[in-house]
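Participant: One structure, as structure tokens, below. Some questions next.
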Amino acid sequence: MSLSQLLSQLPPAIVENAGNNRTLEILIGKAFAEAEETCTAPYVLSFANKIPNIGISFHDLIKILSGVACVFNCACCIYLITGHILCWVKPAEQRQIIRIILFNVVFSIASFFGIFFYAASDYIHPLAVCYEGLAMTALFLLYVNLVCPDELDRAQYFTSLERKWINGKVKKGSSGSLRWFRMIWILVFQVTFTRILCTIAQEVLFSNTCPLSELRAHVSIAIQVIQGISTGIAVYAIIIFERRMHSRLESHGHRPALKLVSFKLVVGLEAAQDILFAALGQSGAYFPTAPYRVSWVDFSTGIPLLILVFEMTIVSVAFMWAYSFEEYRRMVLRGDKVLVPSWRAFFGAFVSADLWRGVGYMFTCFTNSTYHEGHVDGRVVEIMPSVDRKIVDCDEERRL
Numbered sequence: 199m200s201l202s203q204l205l206s207q208l209p210p211a212i213v214e215n216a217g218n219n220r221t222l223e224i225l226i227g228k229a230f231a232e233a234e235e236t237c238t239a240p241y242v243l244s245f246a247n248k249i250p251n252i253g254i255s256f257h258d259l260i261k262i263l264s265g266v267a268c269v270f271n272c273a274c275c276i277y278l279i280t281g282h283i284l285c286w287v288k289p290a291e292q293r294q295i296i297r298i299i300l301f302n303v304v305f306s307i308a309s310f311f312g313i314f315f316y317a318a319s320d321y322i323h324p325l326a327v328c329y330e331g332l333a334m335t336a337l338f339l340l341y342v343n344l345v346c347p348d349e350l351d352r353a354q355y356f357t358s359l360e361r362k363w364i365n366g367k368v369k370k371g372s373s374g375s376l377r378w379f380r381m382i383w384i385l386v387f388q389v390t391f392t393r394i395l396c397t398i399a400q401e402v403l404f405s406n407t408c409p410l411s412e413l414r415a416h417v418s419i420a421i422q423v424i425q426g427i428s429t430g431i432a433v434y435a436i437i438i439f440e441r442r443m444h445s446r447l448e449s450h451g452h453r454p455a456l457k458l459v460s461f462k463l464v465v466g467l468e469a470a471q472d473i474l475f476a477a478l479g480q481s482g483a484y485f486p487t488a489p490y491r492v493s494w495v496d497f498s499t500g501i502p503l504l505i506l507v508f509e510m511t512i513v514s515v516a517f518m519w520a521y522s523f524e525e526y527r528r529m530v531l532r533g534d535k536v537l538v539p540s541w542r543a544f545f546g547a548f549v550s551a552d553l554w555r556g557v558g559y560m561f562t563c564f565t566n567s568t569y570h571e572g573h574v575d576g577r578v579v580e581i582m583p584s585v586d587r588k589i590v591d592c593d594e595e596r597r598l
């Protein structure tokens with residue numbers, strides 16, 4: 199590959215700043231030639247001088263800052279999770295809350311290690327993004343459990359719930375909202391399935407292509423677009439469900455809006471941030487100049503991850519109110535609920551069978567195969583996500 203071809207792979211600003219400096223052009227060309235031969239990133243993109251007076255590089259500085267923020271975030275989340283486990287009185291609700299809280303832990307740790315090991319950030323970050331999909335479904339399942347705690351009555355509850363237009367007006371001749379509930383379920387749970395497939399695709403892509411590969415760049419953009427569309431659909435469905443059920447959720451003092459906003463805010467910021475810094479990096483909007491304190495990799499990878507871990511710090515504080523265990527603690531003190539032993543609560547908190555059953559229910563809803571041929575006393579048996587059998591009036595189902 200010629201020098202001109204190698205230089206053409208750089209962001210435009212780097213080539214423009216090289217100008218007529220033949221020595222600089224040769225050094226850049228050699229760096230890219232070596233990177234292509236060894237299937238690594240060019241070392242010139244990570245070059246930076248140390249910061250005066252403190253004697254460390256910008257990379258070392260953001261390692262320290264992200265590490266401190268990560269420890270704080272994890273400490274806050276461990277405090278909340280421990281509180282829920284010690285007051286384990288509503289497993290169906292608290293299991294989802296713990297999953298949402300763990301979203302903060304996963305992103306904080308992934309951001310820290312992504313900063314610490316730039317070369318591994320392409321492999322680490324997709325894993326955190328994959329968990330984000332699980333956290334979104336957990337938020338939806340939390341709302342469902344708050345609205346109708348008894349899974350045996352859930353199908354009948356949504357069958358009897360009046361149907362409404364988007365503007366809130368009741369539809370004439372309403373035959374219930376069970377079909378609407380199934381549609382929301384599909385729109386939310388597709389994000390889990392999509393994220394898992396996209397994560398596998400990204401890990402395979404990064405393992406089999408080089409950093410300078412055009413295939414990697416193009417496929418990565420396509421995957422980000424797919425994930426963005428999938429996330430947007432899921433978030434919109436959750437918002438619709440929360441707005442429809444807001445009065446019922448609010449009547450129980452569950453602060454549904456705060457739960458949604460504290461989670462939705464960081465999801466939206468993270469998605470916008472990925473797109474923004476990817477566009478800036480590819481366009482060459484940033485170019486290291488003398489005295490070269492911040493490298494190109496610091497800008498394209500380190501700074502976005504540092505911002506993300508600081509955003510998680512804000513979310514950690516918000517979670518203290520949005521997902522507090524005080525409500526469940528009061529239940530224990532009043533003796534309203536039987537307290538489950540801590541060791542059972544710990545293992546119960548990390549059981550994920552309901553998520554996978556939820557994905558299965560999504561496919562059965564999508565293929566309309568939730569109905570059984572046999573009838574019992576004029577009623578049809580339906581399998582819901584808990585894999586419990588539900589009895590729903592046959593006539594009501596036909597009118598949906």
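Counting in our numbering, the sequence shown runs from 199 upward without gaps.
Backbone N, C-alpha and C fix where the C-beta goes; we use that ideal spot for every residue, glycine too.
(1) Verify whether the separation of the beta carbon atoms of residue 333 and residue 295 is less than 8 Å.
(2) Would you report the Cα separation of residue 539 and residue 286, rounded to the nearest angstrom?
(3) Using CA atoms only, rank isn't needed, just tell me which of 553, 308, 404 is closest to residue 169.
(4) Below 8 Å on the Cβ atoms is my contact criterion, and I expect residue 430 with residue 257 to pass it. Report the Cβ-Cβ distance as a whole number of Å.
(5) Taking only the alpha-carbon atoms, compute the straight-line gap between residue 567 and residue 558 and give it to the nearest angstrom.
(6) Given that a residue counts as buried once 16 or more other Cβ atoms are within 10 Å of its Cβ, and exposed if not, what is residue 393?
(7) For residue 293, does the count of other Cβ atoms within 10 angstroms reach 16, so buried, or fall short, so exposed?
(8) Residue 229 to residue 408, Cα distance in whole Å?
(9) For the 8 Å Cβ check, are there 3 or more pairs between the stretch 308–319 and the stretch 377–390?
(10) For residue 310, count neighbouring Cβ atoms within 10 angstroms of its own Cβ and tell me buried if that reaches 16, exposed if not.
(11) When DSSP labels each residue in this structure, what does residue 437 get in the three-state scheme?
(12) Do you know how far the Cα of residue 385 is from the Cα of residue 435?
(13) Just list the residues that DSSP pairs residue 299 with in beta bridges.
(14) According to DSSP, residue 254 sits in a beta bridge with which residue or residues?
(15) From 510, 490, 549, pick the residue whose C-alpha is nearest to that of residue 248; which is it?
(16) Kindly indicate which residue of 280, 400, 337 has the alpha-carbon position closest to the one of residue 547.
(17) To which residues of the same chain is residue 275 closer than 6 Å at the C-beta, ignoring the five residues directly before and after it?
(18) Measuring CA to CA, which of 527, 428, 270 is closest to residue 509?
(19) Buried or exposed for residue 348, going by 16 or more other Cβ atoms inside 10 Å?
(20) When the Cβ atoms of the stretch 436–445 are set against those of the stretch 333–344, are three or more pairs found closer than 8 Å?
(21) Shortest alpha-carbon distance to residue 337 belongs to which of 470, 346, 427, 462?
(22) Going by Cα to Cα distance, which pick from 515, 443, 504 is closest to residue 460?
(23) Please look up how many angstroms separate the CB atoms of residue 335 and residue 553, rounded, as I've assumed it's under 8 Å.
(24) How many Å lie between residue 418 and residue 255 at the Cα?
(25) Is residue 446 helix, strand or coil by DSSP?
(26) Hey, how far is the Cα of residue 530 from the Cα of residue 355?
(27) Where does residue 408 sit, in a helix, a strand or coil, going by DSSP?
(28) Which whole runs of the alpha helix (DSSP H) in the stretch 490–549 are 4 residues long or more, in chain order?
(29) Can you give me the Cβ contacts of residue 444 inside the same chain, cut-off strictly under 7 Å, excluding the 5 residues immediately before and after it?
(30) Round the Cβ separation of residue 432 and residue 389 to the nearest angstrom and send it over; I've been treating them as touching at under 8 Å.
(31) Keeping to the same chain, check which residues put their C-beta closer than 7 Å to that of residue 313; ignore five residues upstream and five downstream.
(32) Following the continuous alpha helix (DSSP H) through residue 564, name the residue where it begins and the one where it ends.
(33) In angstroms, rounded to a whole number, what distance separates the CA positions of residue 406 and residue 413?
(34) Taking the beta carbon of residue 232 as the centre, do at least 16 other beta carbons fall within 10 Å, making it buried, or is it exposed?
(35) Comparing alpha-carbon positions, which option in 245, 324, 239 lies nearest residue 395?
Facilitator: With the given structure in hand:
(1) Result no, Cβ atoms of residue 333 and residue 295 do not sit closer than 8 Å.
(2) Answer to the nearest angstrom: the Cα atoms are 8 Å apart.
(3) Outside the displayed span of the chain (199 to 598) sits residue 169, for which this structure offers no information.
(4) Residue 430 to residue 257, Cβ: 33 Å. No contact.
(5) Unreliable positioning characterises residue 567 in this predicted model, as indicated by a pLDDT of 49, which lies under 50. A coordinate reading is not provided.
(6) Buried is the call here.
(7) Buried, by the Cβ-count rule.
(8) CA-CA distance, residue 229 to residue 408, rounds to 14 Å.
(9) No, they do not touch.
(10) Counting Cβ neighbours within 10 Å, residue 310 comes out buried, since at least 16 surround it.
(11) Here DSSP, grouped into helix, strand and coil, assigns residue 437 to helix.
(12) Using only the alpha carbons, I get a separation of about 6 Å.
(13) Note: residue 299 is not bridge-paired with any residue in the DSSP secondary-structure output.
(14) Answer is 249.
(15) Per the Cα distances, 490.
(16) Comparing Cα-Cα distances from residue 547 to each of 280, 400, 337, the minimum goes to 280.
(17) Setting aside the 5 residues that flank it on each side, residue 275 is surrounded in the same chain by 299, 302, 303, each with a C-beta closer than 6 Å to its C-beta; the list follows chain order.
(18) When only C-alpha atoms are compared, the closest one is 270.
(19) It counts as exposed.
(20) Contact holds: three or more Cβ-Cβ distances are below 8 Å.
(21) If we check each option's Cα against that of residue 337, 462 comes out closest.
(22) For residue 460, the closest of 515, 443, 504 by C-alpha to C-alpha distance is 515.
(23) Right, the Cβ-Cβ distance comes to about 6 Å (below 8 Å), so this counts as a contact.
(24) C-alpha separation (whole angstroms): 30 Å.
(25) In the three-state reduction of the DSSP assignment, residue 446 falls in the helix class.
(26) When rounded, the distance between both Cα atoms is 28 Å.
(27) Assignment of residue 408 by DSSP, reduced to helix, strand and coil, places it in the coil class.
(28) If one requires a minimum length of 4 residues, the alpha helix (DSSP H) runs lying completely within the stretch 490–549 are 501–520, 524–532, 540–547, in chain order.
(29) Annotation for residue 444: 454 place their beta carbon closer than 7 Å to its own, counting only its chain and skipping 5 residues before and after.
(30) Between residue 389 and residue 432 the Cβ distance is about 4 Å, and since that is below 8 Å, they are a contact.
(31) The residues are 260, 261, 264, 500, 503, 504.
(32) Per DSSP, the continuous alpha helix (DSSP H) segment holding residue 564 begins and ends at 551–564.
(33) Rounded to the nearest angstrom, the two C-alpha atoms are 10 Å apart.
(34) Flag for residue 232 reads exposed.
(35) Nearest to residue 395 by C-alpha distance, out of 245, 324, 239, is 324.
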